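K.L.:
Chains as they are written, first to last, in the numbering used here: chain A, 1 to 166; chain B, 1001 to 1557.
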């Protein structure tokens, strides 16, 4: 089972290595990991998708919390949160297929962000299923290259994840 | 206006303001400014002969006192030599601060001379570590390091200090209060969980207390004794927990696990309630997990939430400091007679006492440990790792905490001797003895030089069977006596002469009748190390024992 963790950390050198090292050391599998700073420049937020049962999730959470620079770990429930990922996909474009690809792009509300005589880069945002569906369709034209950000997520409604007051 | 100081001076000032009185270490290129500053400092500096020994000595100092031990090494090989010592402290939750030199900031990452990424290397074996690039951070970092090392679940912290940061000048300001957003150990147990635990205790028919190193770390031994007597419940201890409950107490079951007592293992197996305090359910203590305390509900009190539910399912988890939690628990627990259970345990104790065969001719290690116990019951005892360690754990009756200094989690051969040096430096008026094996002692024997130089009167009692004894025992029992690479028969080597050559005292013992005199002779010398070479029966085994992977009640011997 996959779990999405939002991990609030201090924005310091080495913190990513500590988190990544913890996962490999203890044998947990990371599906994806996305990191960026927050509105507070001293804090970064990691979104980690981890594979495992409840026991693994509990241990991952507790072990993460033991890292001094980890401030808060939250397990985000898919039904209660917005999950997004961004992908850039470079596809082969035969001139006669160009319109077809543009139509698919439209249907997925994706964007064409670069065009050359033989290729296009398509930018798509959405949840994992949507990106997977689009790549499946584009595969028939030949995907030359793909880059994905990994998932980021946020709880719906007014509830927020922030550092606890000491 | 603060004083203008350089980084080295700032570091020493910070150490002094943390109350550091002793450091163990070896200088080198990347810590030259630091050692130059130490030259004028009142901090006692013990120059060890290997950095590993500096780390173990700091660890021994910490275990004997409960204070933070400090060690220093230079960059590169100096720093990597600390690694075993740091890992050892990490596994046994011992508070040390290790300070390493580093190449200059602009050289980091260039594979410079004596460069090693020590913060990267020690990431998995420290509670936290720091690479300081700005000298202004030194006062804050040192304060945080000591705070992290000595609170919550204790452990090692490393500070890596590039050489140019040590020489750069800046205006020194005292650091404010430690403010770590992500580090707030839970000390007080949850009241509802404590009441639930008390409920289970009162209802239980066959309770057993299972105490570990956490009891000693939080100085909860007195509360533990009160709880055991109040319930009443027998108490078994892990290796790290020995001394948390007096061995002579009628409720003591001694050690649990692979080389524990049969009655402790039987009691845990038949108990209906296990009250685990400051333990981490290590495999050497539990044996096969599926068969561990199969009928028991489990209350687990620990300061580290990640230990709860890691190895065993727990019915009542209580995160908190053992002392504070036990104090609360004592308010709700009531006495209830459990005669049947007590009688059963008494029968086990009578039927399966620890024993070994005795005769006048054979020099047996158990006898030596018993004699040491008889002559200096209050001594601080360090051990190496292997048979010497287990015989000590079985036959020395530890009555008080912080009297046994032993490498439990990592099982580091070569730990005991430098650790005993650290303990003796901390407690100069106490008798400190390293009960060693001949294999282990050789792994840090160069520290005889340190002990001679600083007039540190530690005693090393070598239980010398000319074997890597515990490995040989396993080969005897599980590998058809094929003694592969365990024989250390150095025909011309004499520990007594090695001791004398370093400037210490050497005594050889070959017969049981000589043991008492040799120990007494050793006890009289306190200004240099004494090595007593006990030529013990070569193939003596540690029994009882639980074979690897078996349940703890499947104990043999």
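Just so you know, even glycine gets a beta-carbon here, dropped at the ideal spot from N, CA and C.
Note that the structure is a prediction, hence the values are computed from the model and not measured.
Cα separation between residue 1535(B) and residue 1057(B)?
P.N.:
Those two C-alpha atoms are separated by around 27 Å.
K.L.:
For residue 1547(B), would you say it is in contact with chain A, using Cβ-to-Cβ distances shorter than 7 Å as the test?
P.N.:
Cβ-Cβ to chain A under 7 Å: no for residue 1547(B).
K.L.:
Is residue 1127(B) closer than 7 Å to residue 1099(B) when the C-beta atoms are compared?
P.N.:
Contact: no.
K.L.:
Where does residue 83(A) fall in DSSP's three states?
P.N.:
The answer is strand: DSSP assigns residue 83(A) an E or B state.
K.L.:
Assuming residue 1506(B) and residue 1526(B) are in contact, meaning their beta carbons sit under 8 Å apart, how far apart are those beta carbons, in whole angstroms?
P.N.:
With 8 Å as the limit, residue 1506(B) and residue 1526(B) do not qualify as a contact, their Cβ atoms being about 16 Å apart.
K.L.:
Using C-beta distances below 7 Å, list every residue in its chain close to residue 145(A), excluding the 5 sequence neighbours before and after it, in chain order.
P.N.:
Counting only Cβ-Cβ distances below 7 Å, and skipping sequence neighbours, we find 90.
K.L.:
Within the chosen definition, does the stretch 1341–1350 of chain B reach the stretch 1214–1224 of chain B through at least 3 CB pairs nearer than 8 Å?
P.N.:
Contact between the stretch 1341–1350 of chain B and the stretch 1214–1224 of chain B is absent, because fewer than three Cβ pairs lie under 8 Å.
K.L.:
Of the residues that make up the stretch 1161–1194 of chain B, which ones have a beta carbon closer than 9 Å to any beta carbon in chain A?
P.N.:
The stretch 1161–1194 of chain B vs chain A, Cβ under 9 Å: 1179, 1180, 1181, 1182, 1183 and 1184.
K.L.:
Contact between the stretch 1179–1188 of chain B and the stretch 1236–1249 of chain B is defined here as three or more beta-carbon pairs at a separation below 8 Å; is this criterion met?
P.N.:
The stretch 1179–1188 of chain B vs the stretch 1236–1249 of chain B: no contact.
K.L.:
Taking 7 Å as the CB-CB limit, is residue 104(A) close to chain B?
P.N.:
False, the Cβ-Cβ gap to chain B never drops below 7 Å.
K.L.:
Residue 62(A) versus chain B: which residues are under 7 Å apart at the beta carbon?
P.N.:
Ordered by position in chain B, the residues that pass the 7 Å Cβ test against residue 62(A) are 1305 and 1306.
K.L.:
Anyone know if the C-beta pair for residue 86(A) and residue 45(A) falls short of 7 Å?
P.N.:
Cβ atoms of residue 86(A) and residue 45(A): not closer than 7 Å.
K.L.:
Verify the CB distance criterion: does residue 232(A) have a CB-CB separation below 7 Å to chain B?
P.N.:
In the structure as shown, chain A starts at 1 and stops at 166, and residue 232(A) therefore has no counterpart that could be examined.
K.L.:
Residue 1302(B) bridges to which residues according to DSSP?
P.N.:
Answer is 1319(B).
K.L.:
Classify residue 166(A) as helix, strand or coil using the three-state DSSP reduction.
P.N.:
Confidence is the limiting factor: at residue 166(A) the pLDDT is only 40, short of 50, which leaves the residue's position unreliable, though a coordinate-based value still follows. Three-state result, residue 166(A): coil.
K.L.:
By how many angstroms is the C-alpha of residue 1528(B) removed from the C-alpha of residue 1455(B)?
P.N.:
Cα to Cα, residue 1455(B) sits roughly 5 Å from residue 1528(B).
K.L.:
Helix, strand or coil for residue 1400(B) per DSSP?
P.N.:
Coil.
K.L.:
Less than 8 Å between the CB atoms is what I'm expecting for residue 1047(B) and residue 1450(B), so what's the real figure, rounded?
P.N.:
That pair is a contact at about 7 Å.
K.L.:
Locate the beta strand (DSSP E) running through residue 1171(B), then write down its first and last residues.
P.N.:
Counting along the chain, the beta strand (DSSP E) containing residue 1171(B) begins and ends at 1169–1171.
K.L.:
Identify, in the order they occur along the chain, each residue of the same chain with its Cβ nearer than 6 Å to the Cβ of residue 165(A), setting aside the five sequence neighbours on each side.
P.N.:
Per-residue confidence for residue 165(A) stands at a pLDDT of 46, beneath the threshold of 50, marking its modelled position as unreliable; no derived number is given.
K.L.:
So which of 1367(B), 1487(B) and 1468(B) has the shortest CA-CA distance to residue 1516(B)?
P.N.:
Taking only the C-alpha atoms, the option nearest residue 1516(B) is 1367(B).
K.L.:
Return the residues of the stretch 1100–1125 of chain B that lie within a Cβ-Cβ distance of less than 9 Å from chain A, sorted by chain order.
P.N.:
Against chain A - using a Cβ distance shorter than 9 Å - the residues of the stretch 1100–1125 of chain B are 1119, 1120, 1123 and 1124.
K.L.:
Report yes or no: is there a C-beta of chain A within less than 7 Å of the C-beta of residue 1128(B)?
P.N.:
With 7 Å as the cut-off, residue 1128(B) counts as an interface residue toward chain A.
K.L.:
Mind listing which residues of the stretch 6–35 of chain A have their C-beta closer than 9 Å to chain B's C-betas, in chain order?
P.N.:
From the stretch 6–35 of chain A, only 8, 9, 10, 13, 14, 17, 18, 21, 22 and 25 have a Cβ closer than 9 Å to chain B.
K.L.:
Using a Cβ-Cβ cut-off of 7 Å, state whether residue 145(A) counts as contacting chain B.
P.N.:
For residue 145(A), the answer is no, since every Cβ of chain B falls outside 7 Å of its Cβ.
K.L.:
Contact criterion: CB-CB distance below 7 Å. Does residue 69(A) meet it with respect to chain B?
P.N.:
Yes, residue 69(A) lies at the interface with chain B (some Cβ there is under 7 Å from its Cβ).
K.L.:
By how many angstroms is the C-alpha of residue 1486(B) removed from the C-alpha of residue 1437(B)?
P.N.:
Computed Cα separation, rounded: 13 Å.
K.L.:
Could you give the distance in angstroms between the alpha-carbon of residue 1212(B) and the alpha-carbon of residue 1091(B)?
P.N.:
Cα to Cα, residue 1212(B) sits roughly 13 Å from residue 1091(B).
K.L.:
Pairs of beta-carbons, one from the stretch 1426–1433 of chain B and one from the stretch 1369–1381 of chain B, closer than 8 Å: are there three or more?
P.N.:
With the cut-off at 8 Å, the stretch 1426–1433 of chain B and the stretch 1369–1381 of chain B touch.
K.L.:
By the criterion of Cβ-Cβ separation under 8 Å, what are the contact partners of residue 1213(B) in chain A?
P.N.:
In chain order: nothing, as chain A lies at least about 17 Å away.
K.L.:
Tell me, to the nearest whole angstrom, how far the beta carbon of residue 997(B) is from that of residue 1272(B); I am working on the premise that it is less than 8 Å.
P.N.:
This structure leaves residue 997(B) out entirely; chain B is present only between 1001 and 1557.
K.L.:
Taking residue 1081(B) as part of the alpha helix (DSSP H), name the residues at either end of that continuous run.
P.N.:
Start and end: 1077–1081.
K.L.:
Give, in chain order, every residue of the stretch 38–64 of chain A whose Cβ lies closer than 8 Å to some Cβ of chain B.
P.N.:
The stretch 38–64 of chain A vs chain B, Cβ under 8 Å: 55, 58, 59, 62 and 63.
K.L.:
Listing by chain order, which chain B residues have their CB less than 7 Å from the CB of residue 118(A)?
P.N.:
Those within 7 Å of residue 118(A) in chain B number zero; the least Cβ separation is about 40 Å.
K.L.:
What residue range does the beta strand (DSSP E) around residue 36(A) cover?
P.N.:
29–37 is the span of the beta strand (DSSP E), which, as asked, contains residue 36(A).
K.L.:
If I follow the unbroken alpha helix (DSSP H) through residue 1311(B), where does it start and stop?
P.N.:
Where residue 1311(B) is concerned, there is no enclosing alpha helix (DSSP H), given that its DSSP letter is neither H nor E.
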